[in-house]
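In the working numbering, the protein residues as written are 15 to 148.
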């Protein structure tokens, strides 16, 4: 398993991690890359990367949908972060070929932290396609 280490710089922080993940892939061959976030208050997602306002809009509207304080039973001060992370999800399975993720024209892979700043890590599992498979 490969690991990507990140440091979020604010409570709500997002970063395009496409190139960092591609840097951990084999340079030749095809397969599937599983990207997993082992934190309950952070997520990984695939979305548009051409216009950064798309991710800003997602984060802003999640904050409206799930406010930071709303009488949550979980009283550690990060209840909203758990809910936001659950809505976006903690993993993405993406095909790759010759060291490049097979994403759509506008797509990028993002890490989103809803409970920063803190040290985080992303786990990457690579499954190579057997020779002769299509």
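Think of the CB as a built atom: it goes at the ideal place given N, C-alpha and C, for glycine as much as any other residue.
Around the C-beta of residue 107, fewer than 16 other C-beta atoms lie within 10 Å, and the residue is accordingly described as exposed. Of the other Cβ atoms in all chains shown, fewer than 16 fall within 10 Å of the Cβ of residue 37; this residue is therefore exposed. Three or more beta-carbon pairs separated by less than 8 Å are not found between the region 107-119 and the region 81-98, which leaves the two stretches without contact. For residue 103, same chain residues with a beta-carbon under 8 Å away, outside a window of 5 residues either side, are 57, 58 and 59 in chain order. When the beta-carbon positions are compared, residue 39 and residue 118 stay at least 8 Å from each other. Cβ atoms of residue 47 and residue 115 come within 8 Å of each other, at about 7 Å. A straight-line Cα-Cα distance of about 31 Å links residue 20 and residue 85. In this structure, the beta-carbon distance from residue 32 to residue 134 does not fall below 8 Å.
Take residue 42, set aside five residues on each side of it, and the residues of its chain with a beta-carbon closer than 6 Å to its own are 112, in chain order. Annotation for residue 131: 21, 22, 23, 24, 25 and 27 place their beta carbon closer than 8 Å to its own, counting only its chain and skipping 5 residues before and after. When the five nearest sequence neighbours on each side are left out, the beta carbons in the same chain lying within less than 6 Å of the beta carbon of residue 62 are those of 68 and 120, in order along the chain. Secondary structure of residue 135 (DSSP, three-state): strand. Unbroken alpha helix (DSSP H) stretches of 4 residues or longer found wholly inside the region 64-125: 67-79 and 93-102, given in chain order.
As a beta-bridge residue in DSSP terms, residue 30 pairs with 124.
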